[in-house]
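Comments concern the structure below.
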Amino acid sequence: MKNYYLTIFSVFLTTVIFAQERVKKIEFYGGARTNILFQDLADDSDTLNIQKANYGHSLIDLGILIRPSNDTEIITELRMRNELGGFYGSAVTFGLRRLTLKGVINNAIRYKIGDIDLKLTPYTLYNNDYQDRVNEANVFRTAREVVDYENFFGDNTWRRQGMETEFALDLTNDNFKSIDFRLFSTRSNPSNKAINLPERFYSGGSILLNTSYGTLGFNSANLHDLKNTVNDNQLYYNYVNSVSVSVPLTFVKDVTFDLESGLSSEIFEDVILESTQENNGYFWNAGFKYTRSESQLVSLSSMYTGPYFRSHGAQNIRLDYQSQSGIFPVITNDQLSREMGLLDYLYNDVAYRKTFDNKIDVSNPSFSSALPYGLATPNRTGLAISAKETIWEDRINLSTDVYSLKEILGSGTQELKSFLKVSAMLDANYNKWQLKSGLSFEQTNRDGLSYEQIDLTSFLVDFGIDFKLTDNISLMYGGKLHMSDGNDLTPLYDNQNQIIYFNNYEVDNQSQTLNALGINVNFSEKSKLTISYNSFVQYHQTKYTVNQFHVLYRLNL
Amino acid sequence: MKHILYLSALLFIFSCDNDYPEFMGNSLNDQYGELTIVDSLVSSSSSFDFSQPNIPRYFEASWTKNLEWTLTITGSQSGASKSFTGFDSKIDINTTSWLGSADDFPSFYYEDCSVQLLLVDGEIELVQNTIVTIDEIKLAQEGLVVVADFEQGYPTNSIEYFQPGDPMKFEITTGGAAQGEKFYSMGGYVTWDYYLGSLKIAADVSALESVPSSLVYFNMAIIGGEQGQVPADQFIKIVCRESDNETYVYEFKPINWSDWRLLSVPYDEFTLEGSPGNNQKDPSNITMIEVLCLSCPAGPGPIVGGGAPCEDNTNLIVKTNIDYITFTTNEPYQP
Chain A
1068 MKNYYLTIFS VFLTTVIFAQ ERVKKIEFYG GARTNILFQD LADDSDTLNI QKANYGHSLI
1128 DLGILIRPSN DTEIITELRM RNELGGFYGS AVTFGLRRLT LKGVINNAIR YKIGDIDLKL
1188 TPYTLYNNDY QDRVNEANVF RTAREVVDYE NFFGDNTWRR QGMETEFALD LTNDNFKSID
1248 FRLFSTRSNP SNKAINLPER FYSGGSILLN TSYGTLGFNS ANLHDLKNTV NDNQLYYNYV
1308 NSVSVSVPLT FVKDVTFDLE SGLSSEIFED VILESTQENN GYFWNAGFKY TRSESQLVSL
1368 SSMYTGPYFR SHGAQNIRLD YQSQSGIFPV ITNDQLSREM GLLDYLYNDV AYRKTFDNKI
1428 DVSNPSFSSA LPYGLATPNR TGLAISAKET IWEDRINLST DVYSLKEILG SGTQELKSFL
1488 KVSAMLDANY NKWQLKSGLS FEQTNRDGLS YEQIDLTSFL VDFGIDFKLT DNISLMYGGK
1548 LHMSDGNDLT PLYDNQNQII YFNNYEVDNQ SQTLNALGIN VNFSEKSKLT ISYNSFVQYH
1608 QTKYTVNQFH VLYRLNL
Chain B
250 MKHILYLSAL LFIFSCDNDY PEFMGNSLND QYGELTIVDS LVSSSSSFDF SQPNIPRYFE
310 ASWTKNLEWT LTITGSQSGA SKSFTGFDSK IDINTTSWLG SADDFPSFYY EDCSVQLLLV
370 DGEIELVQNT IVTIDEIKLA QEGLVVVADF EQGYPTNSIE YFQPGDPMKF EITTGGAAQG
430 EKFYSMGGYV TWDYYLGSLK IAADVSALES VPSSLVYFNM AIIGGEQGQV PADQFIKIVC
490 RESDNETYVY EFKPINWSDW RLLSVPYDEF TLEGSPGNNQ KDPSNITMIE VLCLSCPAGP
550 GPIVGGGAPC EDNTNLIVKT NIDYITFTTN EPYQP
């Protein structure tokens, strides 16, 4: 008879923090940054609009780590920010960027309260990556890091406010090893009595069974209103649950079978009319992954995401394509509204979504038509192939992803759209040279009557090359090219996420290029300065050029 | 264990049923397709006999996309109008079945009617026309009690009174009636009194015996005049006297339209005026109906009953003509 011991233990390596040694009660960390841009709208024929924009800021983020006891930490990050041109403190702002309490109970149950970063699976809770990059150059990565930092975009996590707990059960069995638990509950919206907006929470978690045969997991992510927090008119609920399986095959070496499948339910409840509308959907993603070594990986998977699958924590687009920068909003003497582009997405004040709600985000077909909402994009089925390899003594990394998809249900017609998405990335380094490049190609097609036909092609290229002058000084060049041509019919959704209209979307050989030449100076491990000159050209309806001089200084405390 | 995992995976993949519609969202054909007529507008027959309601009278047509459509039938002599509307790619018996009624007064007569089908697709409009002839007008509504239609002149035992204003018009008028050919004109110019005149009609509503007052409707066609030519605040007061001398009244206020309209009100909404009798509305006991023509006098000078004159009504001739006074059961009168 086997004896089973049920013990509780901590699951993360950072428990070293709570070792027997003495630790500091208070620690300081953080960083400082100065970010300055000088932009010039190069159009001599434009005599009406402002041609130059100079702006920027300096800021200090001071982090304080307080340890009241060996089991508890309080993390707070304070910000002081001064806008460029704000003399004598007139443009200084103060803020609290983070406040988190975390700790361990009885060396077993880990908890966090306050600002927390959450992620589950690409179908349940996932912050999808940017759509305007595919392995971008280092000269652009410096600006991208600023966007990541300001919007709390880190490794596809969502910054939420709430509480999280993790613990595990050690099964001490040869076959069933442990069960890992992770639970969270966060506040999504505060209630607003003026507009009868109820309190909204986002709760869920995961349970992972570790066995000698593989892993079996359960994931849950639920967006739900709380009744009776206001005079209820309408309430909303979105429940997403999935099961994930990862099993190494015994009859084929180095091959793993991975599967995730789940259900969603979206409920709109009208309290006054006492009626509900419910949309139910499901998905599955199954495939095989061959991992010969750390440097070689090939995977093949089949996917199905139903037309009515709704998972707002995973179906999201970071950039709000409808937002407009305040920099050069109008161009030419015809007072045309300037179309946003690659320059704005990296450097200017366009809006990024720090959170998600119950509405389907507006997408931009020129940047993504196949999977605009990541893997959880509804109404898609098909095959995906991925491959990664590192060669020549780890100097060259290659990877590629290919998706061949089609709709499950036609959009406004019985004809189905088909999608082809191909991306490839190359990283190489030799002596003092470093090369980064990436390419993404998408093709969307649909047959049918003349007003049903769709033919949209988009192309995104990233290229960057760095040369180390010295150990601390690098010259950098980066280039981005985006091209789009064709047409699509994009859906317009109502408040209940039902399609009510199809907007005619057309682009006629639209292209935009962003080139940057820069220098990076590492004063020390913690202190860096990047200076770059950028040129952005957009060809669509009207051509315009913006030249930019960028200075970015970062200091880590 | 591994087999359980494999089987669970397969079960999950194939366990879900698909119950999807044809496509998501509205049809692209409705949004962007070309609008053309597939079947032209036709009527179920060229002449309509509404005396036989069991025989359906309808219209048919079809076109290439779903959109808002309007079918309008207009009497060439009466000017009566009947409309059907909908959102579809066709019309048929289910959506255009016609029993001979009009949307409002005037009612259809023995006449030719023009029928027009209007299809609106954004800025594009398609029109289809046809003609039908009414051989027989619709039968009287079940439970209908006609108090006065003025076709034979004044109703029996009716009493007319009007003030000595100038001009005054209280008379039977031929032509342009709401129902049939004749109606009763009520109007004129009185500068000292709200009351211009009235018509008392002896009524026999005994056919409504045992019908509760909540199910009895008082109906009357009324026409005012063009704005600026008649007082804006002119109105009509209906007085129903029952056999126990209880008097119930209702005011239609203001009468500010220039085409015939049906005014229909449940008898339950009439209010008691004066001394109560049995304090109970008994529509079948109504013995007299009086229709009063009223308007604020323009002055100058003292006003009967007190109050200030309405100088804005100076030289504006009151017009509150009436026609086809009826009682119905369960529903308002269908013109």
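So the sequences go chain by chain: A and B.
Offset between the first sequence (1-based) and the numbering used here: plus 1067.
Offset between the second sequence (1-based) and the numbering used here: plus 249.
Glycine included, each C-beta is placed from N, C-alpha and C at the ideal position.
Keep in mind the model is a prediction, meaning the values are calculated, not measured.
Item, Value
"Tyr281(B): first and last residue of the uninterrupted beta strand (DSSP E) it sits in", "Here Tyr281(B) belongs to no beta strand (DSSP E); instead the alpha helix (DSSP H) covers Leu277 to Tyr281."
"Residues in the segment 304-328 of chain B having any Cβ partner in chain A nearer than 8 Å", "none"
"Proximity of Arg1491(A) and Ile1463(A) at Cβ, strictly below 8 Å", "Correcting the residue type first, residue 1491(A) is Ala in the shown sequence and not Arg. No, these two residues do not count as a Cβ contact at 8 Å."
"Which of helix, strand or coil DSSP assigns to Gly1441(A)", "helix"
"Terminal residues of the beta strand (DSSP E) in which Glu360(B) lies", "Unbroken run through Glu360(B): none, as it is neither H nor E."
"One or two residues paired with Ile1142(A) in a DSSP bridge", "Leu1132(A) and Thr1167(A)"
"Assigned secondary structure, Glu1088(A) (DSSP; H/G/I helix, E/B strand, else coil)", "Only weak support exists for where Glu1088(A) lies, its pLDDT of 47 falling under 50; the value from the coordinates is given anyway. Of the three classes helix, strand and coil, the one that applies to Glu1088(A) here is coil, per DSSP."
"Closer than 8 Å to chain A by CB, Glu372(B)", "no"
"For Ile1427(A), three-class secondary structure by DSSP", "coil"
"Inter-residue spacing [alpha-carbon to alpha-carbon] between Gln1615(A) and Tyr1269(A)", "41 Å"
"CB contact below 8 Å: Ser338(B) versus chain A", "no"
"Tyr1216(A), enclosing alpha helix (DSSP H) - first and last residue", "Asn1205 to Asn1218"
"Nearest-angstrom Cα separation, counted from Lys1547(A) out to His1607(A)", "16 Å"
"CB of Arg1164(A) within 8 Å of CB of Glu1150(A), strictly", "no"
"Chain-ordered chain B contacts of Pro1374(A) [CB-CB under 7 Å]", "Tyr269 and Met273"
"Min CB distance Leu1487(A) to chain B below 8 Å", "no"
"beta-carbon Val1588(A) near the ligand PLP non-hydrogen atom, thresh 7 Å", "Ligands in the displayed structure: none, and consequently the ligand PLP is not present."
"Alpha-carbon spacing of Ile487(B) relative to Ala329(B), whole angstroms", "26 Å"
"Where Asn1286(A) sits in the DSSP three-state scheme", "strand"
"Through-space distance from Pro549(B) to Glu560(B), alpha-carbon basis", "8 Å"
"Backbone secondary structure at Asp1184(A) - three-state DSSP", "strand"
"Proximal chain B residues relative to Ile1566(A), where beta-carbon distance stays under 8 Å", "Met273, Gly274 and Asn275"
"Which residues DSSP lists as bridging Lys1320(A), in chain order", "Its beta-bridge partners do not exist; DSSP assigns none."
"Separation of Lys339(B) from Pro532(B), as counted between CA atoms", "45 Å"
"Residue-chain proximity (Tyr1518(A), chain B), Cβ-Cβ < 8 Å", "yes"
"Backbone secondary structure at Tyr516(B) - three-state DSSP", "helix"
"Among Leu1556(A), Asn1295(A), Phe1243(A) and Ile1262(A), nearest to Val1429(A) - alpha-carbon criterion", "Leu1556(A)"
"Any chain A beta carbon closer than 8 Å to Gln280(B)", "yes"
"Residue interval of the beta strand (DSSP E) (run including Asp268(B))", "Here Asp268(B) belongs to no beta strand (DSSP E), and DSSP marks it neither H nor E."
"Min CB distance Leu1367(A) to chain B below 8 Å", "no"
"Alpha-carbon to alpha-carbon, Pro1257(A) and Leu1129(A)", "28 Å"
"Distance CB(Gly1477(A))-CB(Leu1523(A)) smaller than 8 Å", "no"
"Cβ neighbour criterion (16 or more within 10 Å) applied to Thr334(B)", "exposed"
"One or two residues paired with Cys489(B) in a DSSP bridge", "Tyr497(B) and Ile538(B)"
"For Lys502(B), the three-state DSSP class (helix, strand or coil)", "coil"
"Segments of 3+ residues assigned as beta strand (DSSP E) that fall wholly inside the segment 288-342 of chain B", "296-298, 308-324 and 330-340"
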